[in-house]
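Asker: Residue numbers (our numbering): -2 to 455.
A single structure is presented below for examination.
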């Protein structure tokens, strides 16, 4: 890590420029040492700064650059990869006060927002204009747009509407030395130069600090929404059903799969006997024109694969079915400490991935409930253990899981990012040449390695 100047002098510099936007209270600093990944830094950061403008962010970067002080940018702290945890000698840059919606253009189907705007708040505002922003992470009511962009967040709607990258037109970014750049375009089309906007999306705070986002909006979906819930005797047959849906050309808005372990957790959490109805559960929702007709055809495919399916267009009943999936993660948290993993595989290899999870459970003696965005092949095997730190057998099993995902033609992460959680395996997926090129890109944008050091590349 870059050597830093005297911490007291750095604090004095920050306070002289940013005044009450700087907080060094020891108790409050503790909150910035962890996120929802289960990881925690070795100790609290030097200070937390709460910028309210682009100029504030530039001022922090200039002080950090002059003193060799690392910066860890943070949104709402909902990340699951340890990408926004700050440690000793670092400045935590909280974007929570940059929370304004600057522009909504109905004519151009775009919005310009500051990074601290909450995903859920944005869509509640956009609904008044008949528009919405498609990224739909499970934490949407408490996660920030800037965090969604920095991590290239996903969610339940990715199979149809894409991850965050597909919903961003342009960004304003402050570089490590305080320079401000604008990347991307407000226009529908734009192919000038290298696509640095796409490069920034998912860069996890390692290349620059996102201070403004121009977002691509969609018209609010109208018409009936049809929801299918189906129990299966095995997760393999449920996975086959989801593959059949895709193979037959259907693109539902939501297609989620939960295995037996997950059903056990959700059943205990909600007081329902779910495993008495089956060993796997497939949830499918269709929206847009022809949703009811599409759902009827999908229901036939699901039943042909052995699913006991119920279909509804009633909003309250749809919400009940969706709630089973939404309860998965909080239900798992009641079992102990959880390590939520995030592999993705080709959609026709889901059965193989679930089989690999079961094998790891048996060989390592660990509990791994697994839910899945079946529409895009993104699995969330969740390792459950006691205590604050994952024991060796959990990390050994996780390492095998990552290797298996790559062997199946998949990837280490579909939506959570690398952070500190998966940096040890990054080179396995990228290969030595691409890994070296990506490190060189990091050095171009941040030659002193001040932005989120220790994350992604270690």
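Even glycine gets a Cβ: it sits at the ideal position worked out from N, Cα and C.
Only a predicted model underlies this, so the values are computations on that prediction, with no experimental measurement involved.
State the beta-bridge partners of residue 211 as determined by DSSP.
Answerer: For the purposes of this step, residue 211 is identified with residue 214 of the chain shown, where counting begins at 1. Residue 211 is bridged to 109 and 167.
Asker: State the beta-bridge partners of residue 100 as determined by DSSP.
Answerer: Residue mapping note: residue 100 aligns to position 103 of the chain shown, counting from 1. DSSP, once it has assigned bridges, lists 109 as partnering residue 100.
Asker: Please classify residue 245 as buried or exposed, where buried requires at least 16 neighbouring CB atoms within 10 angstroms.
Answerer: Your numbering for residue 245 matches position 248 in the chain shown. So residue 245 ends up on the exposed side.
Asker: For residue 367, report the span of its beta strand (DSSP E) as first-last.
Answerer: Taking the chain shown and counting its residues from 1, the one referred to as residue 367 is at position 370. Taken as a continuous stretch (DSSP letters only), the beta strand (DSSP E) holding residue 367 covers 367 to 370.
Asker: Measure the alpha-carbon distance for residue 451 versus residue 280 and round it to whole angstroms.
Answerer: In the chain shown, residue 451 corresponds to position 454, counting from 1. In the chain shown, residue 280 corresponds to position 283, counting from 1. Computed Cα separation, rounded: 38 Å.
Asker: Going by Cα to Cα distance, which pick from 126, 305, 128 and 45 is closest to residue 91?
Answerer: Translated into the one-based positions of the chain shown, residue 91 becomes position 94. Of the candidates 126, 305, 128 and 45, the one whose C-alpha sits nearest the C-alpha of residue 91 is 45.
Asker: Please classify residue 152 as buried or exposed, where buried requires at least 16 other C-beta atoms within 10 Å of its C-beta.
Answerer: Residue mapping note: residue 152 aligns to position 155 of the chain shown, counting from 1. Buried is the call here.
Asker: Please list the terminal residues of the continuous beta strand (DSSP E) segment that includes residue 179.
Answerer: Your numbering for residue 179 matches position 182 in the chain shown. Looking at the DSSP string, the run of the beta strand (DSSP E) that includes residue 179 is 177 to 181.
Asker: Rounded to a whole number of angstroms, what is the C-alpha to C-alpha distance between residue 32 and residue 420?
Answerer: For this step, residue 32 is matched to residue 35 along the chain shown. For this step, residue 420 is matched to residue 423 along the chain shown. Roughly 17 Å separates the two Cα atoms.
Asker: Looking at the structure shown, is residue 281 part of a helix, part of a strand, or coil, going by DSSP?
Answerer: Reading the chain shown from its first residue, position 284 is the one you call residue 281. Looking at residue 281 - three-state DSSP - the assignment turns out to be strand.
Asker: Is it a yes or a no for the segment 190 to 203 touching the segment 219 to 230, going by three-plus beta-carbon pairs under 8 Å?
Answerer: These segments do not touch.
Asker: Between which residues of its own chain and residue 120 is the CB-CB distance below 7 Å, once the five residues before and five after are set aside?
Answerer: Locating residue 120 in the chain shown gives position 123, counting from the first residue. Contacts found: 129 and 130.
Asker: Which runs of the beta strand (DSSP E) at least 3 residues long sit entirely within the segment 305 to 356? Give them in chain order.
Answerer: Those beta strand (DSSP E) runs which fall completely within the segment 305 to 356 and span 3+ residues are 305 to 309 and 334 to 337.
Asker: My understanding is that residue 34 touches residue 78, with C-beta atoms under 8 Å, so please give their C-beta distance in whole angstroms.
Answerer: Taking the chain shown and counting its residues from 1, the one referred to as residue 34 is at position 37. Taking the chain shown and counting its residues from 1, the one referred to as residue 78 is at position 81. Contact flag correct, Cβ pair sits at about 6 Å.
Asker: Using a Cβ distance threshold of 8 Å, determine whether the segment 165 to 174 contacts the segment 50 to 62, with at least three qualifying pairs required.
Answerer: Judged by Cβ distances under 8 Å, the segment 165 to 174 makes contact with the segment 50 to 62, as three or more pairs qualify.
Asker: In the DSSP output, which residue or residues are listed as bridge partners for residue 377?
Answerer: For the purposes of this step, residue 377 is identified with residue 380 of the chain shown, where counting begins at 1. For residue 377, which the question treats as bridged, DSSP gives the partners 368.
Asker: Which class does residue 253 belong to by DSSP, given the choice of helix, strand or coil?
Answerer: To locate residue 253, count along the chain shown from 1; it is residue 256. Residue 253 falls in the strand class under three-state DSSP.
Asker: Which of the three DSSP states is assigned to residue 422 in this structure?
Answerer: Counted from its first residue, the chain shown places residue 422 at position 425. In this structure, residue 422 counts as helix in the three-state DSSP scheme.
Asker: Give me the residue from 436, 324, 38 and 167 with the minimum Cα distance to residue 417.
Answerer: Walking along the chain shown from the start, residue 417 turns up at place 420. Comparing Cα positions, the closest option is 38.
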